[in-house]
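Taking it in order: structure first as structure tokens, then the write-up.
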Amino acid sequence: MILQITIAVPVLAAALLATAGRWLPRLVVDVAAVLAVAAVAALAALTLTRAPHHAQVSWLGGWGPATGVGIPLVADPFAAGLALVTALLTLAALLFSWRFFTEIQAIFHTLMLLFLAAMVAYVYTGDLFDAFVFFELMSVVAFALTGYRSEEPSTVHGALNFGIIQSIGAYLTLAGIGLVYARTGQLGLATAGRGLAGTAAGGHGDALVTAAFVLICTGYLVKASAVPFHFWLADAHAVAPTPVCVLFSGIMVPLGVYGIARTYWATFAGLVPLRAIAVLGAAAALLGAVMCVLQHHIKRLLAYSTISHVGLLLVGVAAHGPDALAGTAYYLAGHAGVKGALFLAAGALLNRHQTVDEHELRGRGRGMPATGTTFLLGALGLAGLPPAGLFAGHAVTEHAAEELGWWWFTPLAVVASALTAGAVLRVWLGVFRGTPAEEDPAHGGRPGAGGGHEDPETRPTLRNLPWTMVSPGLVLLIGALLVGLIPGGPVGTAAAMFTDPGGYAALVLDGRVPHPHAVPADPWTASGVAGFLATLLLAVLVAVYALRRRAPGPASDGPGGAGPLARTAAAAAARLHALHSGHIGDYAAWLTAGVAVLALLTARF
Numbered sequence: 001m002i003l004q005i006t007i008a009v010p011v012l013a014a015a016l017l018a019t020a021g022r023w024l025p026r027l028v029v030d031v032a033a034v035l036a037v038a039a040v041a042a043l044a045a046l047t048l049t050r051a052p053h054h055a056q057v058s059w060l061g062g063w064g065p066a067t068g069v070g071i072p073l074v075a076d077p078f079a080a081g082l083a084l085v086t087a088l089l090t091l092a093a094l095l096f097s098w099r100f101f102t103e104i105q106a107i108f109h110t111l112m113l114l115f116l117a118a119m120v121a122y123v124y125t126g127d128l129f130d131a132f133v134f135f136e137l138m139s140v141v142a143f144a145l146t147g148y149r150s151e152e153p154s155t156v157h158g159a160l161n162f163g164i165i166q167s168i169g170a171y172l173t174l175a176g177i178g179l180v181y182a183r184t185g186q187l188g189l190a191t192a193g194r195g196l197a198g199t200a201a202g203g204h205g206d207a208l209v210t211a212a213f214v215l216i217c218t219g220y221l222v223k224a225s226a227v228p229f230h231f232w233l234a235d236a237h238a239v240a241p242t243p244v245c246v247l248f249s250g251i252m253v254p255l256g257v258y259g260i261a262r263t264y265w266a267t268f269a270g271l272v273p274l275r276a277i278a279v280l281g282a283a284a285a286l287l288g289a290v291m292c293v294l295q296h297h298i299k300r301l302l303a304y305s306t307i308s309h310v311g312l313l314l315v316g317v318a319a320h321g322p323d324a325l326a327g328t329a330y331y332l333a334g335h336a337g338v339k340g341a342l343f344l345a346a347g348a349l350l351n352r353h354q355t356v357d358e359h360e361l362r363g364r365g366r367g368m369p370a371t372g373t374t375f376l377l378g379a380l381g382l383a384g385l386p387p388a389g390l391f392a393g394h395a396v397t398e399h400a401a402e403e404l405g406w407w408w409f410t411p412l413a414v415v416a417s418a419l420t421a422g423a424v425l426r427v428w429l430g431v432f433r434g435t436p437a438e439e440d441p442a443h444g445g446r447p448g449a450g451g452g453h454e455d456p457e458t459r460p461t462l463r464n465l466p467w468t469m470v471s472p473g474l475v476l477l478i479g480a481l482l483v484g485l486i487p488g489g490p491v492g493t494a495a496a497m498f499t500d501p502g503g504y505a506a507l508v509l510d511g512r513v514p515h516p517h518a519v520p521a522d523p524w525t526a527s528g529v530a531g532f533l534a535t536l537l538l539a540v541l542v543a544v545y546a547l548r549r550r551a552p553g554p555a556s557d558g559p560g561g562a563g564p565l566a567r568t569a570a571a572a573a574a575r576l577h578a579l580h581s582g583h584i585g586d587y588a589a590w591l592t593a594g595v596a597v598l599a600l601l602t603a604r605f
């Protein structure tokens, strides 16, 4: 019952605000939404404390497993922890938006509450079709939130790219679910898994099983923004309101990774290889990091950072074991806090200076010490500062990758983390420690009055940021930097339960909580600390070099004054920007190519 209440609370609160919000004072609307989300967080925390020892399974409508058509909500420790992270991020986003959209009463709050309900239900569901239903509800609400400021053409463009690409991925996922149902006659993750295992020849899936897995994962990879399914992400982040970006990067995109991991371990474990997920994840880690460094629009920069770090999450899932998944859990929680805090800091800049263009903001953040501290600590968190969640995730996953012989994981993680951390560190050095840009006569003598100008999300424009806009980011950041202190024993046990298909089936179908023997994950290793030091050094070099390249002088002259290496790099950067064209036809073509690559790498020869 507690799982059903967790989902029902935000839905009921959303219905109430949608009905009566136009007549309620704004303060009442804000308080009601925050209290509803706080209640979800408390219920998720209670579920998390009970999950390791008591069966947290609820069959909707009383239709149990014996009927063959029951729909279960299942909360193992991993799912409950993810639901808690989702609620905490939503709480921070709503607190930050206390002064947002004052002219539109409760519509924004209603959408945020529905978004939370869809994400929590998606995490808890133990049914393939209902995972698709909540996946679609999540996408529909996210589409509406992305296009919330629909009077701006760029917002409409970004929202349409998001909606169309997400819809194509969802249709392919539904087709894959249909194949599983055709083979097994079941839609439950556990029951379908037993059916597929019973029909597998030699312990491996046939062409139908492979096709089903590829199609189902396509929608989740689109959500996870893996290369080449990632093109929608930066366009959506550039135009979505700041609190929405917090949920997009902090939890919605990682939920695509969760969907792949849950579907594989509960339904397809051992039937298909995961090398395709590893390849696409590695490609996302590298491409996202490079594109991150090339951006000067801060929200786009952070969006590409998300692509890079979620790529590392995908590699952790593909490492195929409880140790790697324990590292992924640390990494996901740390990334959620750091990225949520950085987007809130970017929103503070937007609502203070009406731009998030790094060039136009140069030196203008000196009067915002809390926001500057968030950017600095966020950069260190992305670099893996101990005991941050990203540090623990790197160290634990690295150990699991070494056991598989994946020597390339450590340099991949160091390079990707260094580039993304270096880009954020560059923003801190330029915006909060740099010299203000000279006045531009072409724009009335006002710095920052160029093409990077954006309308603020608050009315009126704030001269001083209230505590509701400053404290949520700092709290998220502190939490992210302390995630690595969570004992390895509970995390290792949660990962072992997650990666045990028989244990998941016993939990769902028989009500028995598995108690696997798990080795505690230990993030405090010499190689982990060395990896952070190497990452930090590279990040500082990236930030300093980028600032020197942009400083006035010979090094920043046009292409004619640059050396061959610089011209080659500039040409490559221009080509990468051209690939991210913003044309929906291009993005759909890349999605089609991605499906083909995914199928080729998943097929057994």
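By UniProt numbering, the letter at position 356 of the sequence shown is numbered 356, and the numbering carries on one by one without gaps. Note that beta-carbon positions come from the ideal geometry of N, C-alpha and C, so glycine has one too.
Leu286 (DSSP reduced to helix, strand or coil): Of the three classes helix, strand and coil, the one that applies to Leu286 here is helix, per DSSP.
Option in Leu477, Leu24, Ala18 with minimal Cα separation from Leu113: Nearest C-alpha to Leu113: Ala18.
Residues bridged to Ser471 [DSSP beta-bridge criterion]: Ser471 is not bridged to any residue.
Residues bridged to Pro72 [DSSP beta-bridge criterion]: Trp59, per the DSSP bridge assignment.
Leu84 beta carbon less than 8 Å from that of residue 607: Residue coverage of the chain in this structure runs from 1 to 605, which leaves residue 607 outside it and unanswerable.
Nearest neighbour of Cys292, chosen from Leu280, Ala278, Ser308, Gly281 [CA to CA]: In terms of Cα proximity to Cys292, the closest of Leu280, Ala278, Ser308, Gly281 is Ser308.
Where the alpha helix (DSSP H) through Ser154 begins and ends: Residues 153-184.
Minimum C-alpha distance to Met119 - residue among Ala87, Arg362, Leu145, Leu477: It is Ala87 whose Cα lies nearest to the Cα of Met119.
When Thr155, Leu179, Tyr258, Val414 are compared against Ala207, the one with the closest alpha-carbon: The residue with the shortest Cα to Cα distance from Ala207 is Leu179.
Stretch pair the segment 540-548 + the segment 413-425: three plus CB contacts closer than 8 Å: Pairwise C-beta distances place the segment 540-548 in contact with the segment 413-425, as three or more of them are shorter than 8 Å.
From Gly70, Leu111, Trp98, Gly334, residue whose alpha carbon lies closest to that of Leu128: Ranking the options by Cα distance to Leu128, first place goes to Gly70.
Ala80 classed as buried or exposed, judged by whether at least 16 other C-beta atoms fall within 10 angstroms: Buried, by the Cβ-count rule.
Proximity of Ala159 and Thr267 at Cβ, strictly below 8 Å: Going by C-beta atoms, Ala159 is not nearer than 8 Å to Thr267.
Same chain, Cβ closer than 8 Å to Leu349, neighbours up to 5 away in sequence not counted: For Leu349, where only same-chain residues beyond five positions count, the Cβ hits under 8 Å are Ile298, Thr355, Val356, Leu361, Gly365, Met368, Thr371, Val431.
Residues near Ala15 in its chain [Cβ-Cβ closer than 7 Å; skip 5 each side]: Same-chain partners within the cutoff: there are none.
Identity of the residues DSSP links to residue 610 by a beta bridge: Residue 610 lies beyond the stretch modelled for the chain, which goes from 1 to 605, so this question has no answer here.
Cβ neighbour criterion (16 or more within 10 Å) applied to Asp130: The residue is buried, with at least 16 neighbouring Cβ atoms inside 10 Å.
Burial state of Asn351 (16 or more Cβ within 10 Å): Its Cβ being crowded by 16 or more others within 10 Å, Asn351 is buried.
Selection from Ala38, Met1, Pro25 that minimises the alpha carbon distance to Pro10: Comparing Cα-Cα distances from Pro10 to each of Ala38, Met1, Pro25, the minimum goes to Ala38.
Reference Pro273; option with closest CA among Leu302, Val315, Asp235: In terms of Cα proximity to Pro273, the closest of Leu302, Val315, Asp235 is Val315.
Cut-off 7 Å between Cβ atoms - residues of its own chain near Ala13, not counting five sequence neighbours on either side: For Ala13, where only same-chain residues beyond five positions count, the Cβ hits under 7 Å are Ala32, Ala33, Ala36, Leu113.
DSSP beta-bridge partners of Gly188: For Gly188, which the question treats as bridged, DSSP gives the partners Asp127.
Whole-angstrom distance between Phe248 and Leu598, CA atom to CA atom: Going by C-alpha positions, Leu598 is about 24 Å away from Phe248.
Meets three-Cβ-pair contact criterion under 8 Å: the segment 318-333 and the segment 492-504: A contact exists between the segment 318-333 and the segment 492-504.
From Thr410, Leu111, Gly594, Ala282, residue whose alpha carbon lies closest to that of Ala142: Looking from the CA of Ala142, the closest CA among Thr410, Leu111, Gly594, Ala282 belongs to Leu111.
Helix, strand or coil at His335 [DSSP, three-state]: Reduced to three states, the DSSP call for His335 is helix.
Local conformation of Gly53 per DSSP, three classes: The sequence shown places His at residue 53, rather than the Gly named in the question. Reduced to three states, the DSSP call for His53 is coil.
Bounding residues of the alpha helix (DSSP H) (the contiguous stretch that carries Ala574): It spans 564-579 - the alpha helix (DSSP H) in which Ala574 sits, taken as one unbroken run.
CA nearest to the CA of Arg26, picked from Phe108, Tyr587, Trp59, Ser58: Closest option to Arg26, Cα to Cα, is Phe108.
Distance between Arg575 and Ala569 (C-alpha atoms, nearest Å): Within the model, the alpha-carbon separation for Ala569 versus Arg575 is close to 10 Å.
Rounded straight-line distance, which links the Cα of Ala170 to that of Ala224: So the two alpha carbons sit approximately 13 Å from each other.
Beta-carbon contacts of Val244 that lie in its chain and below 7 Å, excluding the five residues immediately before and after: Counting only residues of its own chain and dropping the five nearest sequence neighbours on each side, Val244 has a CB closer than 7 Å to the CB of Leu145, Thr146.
Alpha-carbon to alpha-carbon, Leu507 and Val222: Straight across, the Cα-Cα distance linking Val222 with Leu507 is about 30 Å.
Backbone secondary structure at His297 - three-state DSSP: Shown here, His297 sits in a strand according to DSSP, grouped into three states.
Coil, strand or helix - Ser139 by DSSP: Looking at Ser139 - three-state DSSP - the assignment turns out to be helix.
Cut-off 7 Å between Cβ atoms - residues of its own chain near Ala442, not counting five sequence neighbours on either side: Any reading at Ala442 is ruled out, since the residue's pLDDT is 40, under 50, leaving its predicted position unreliable.
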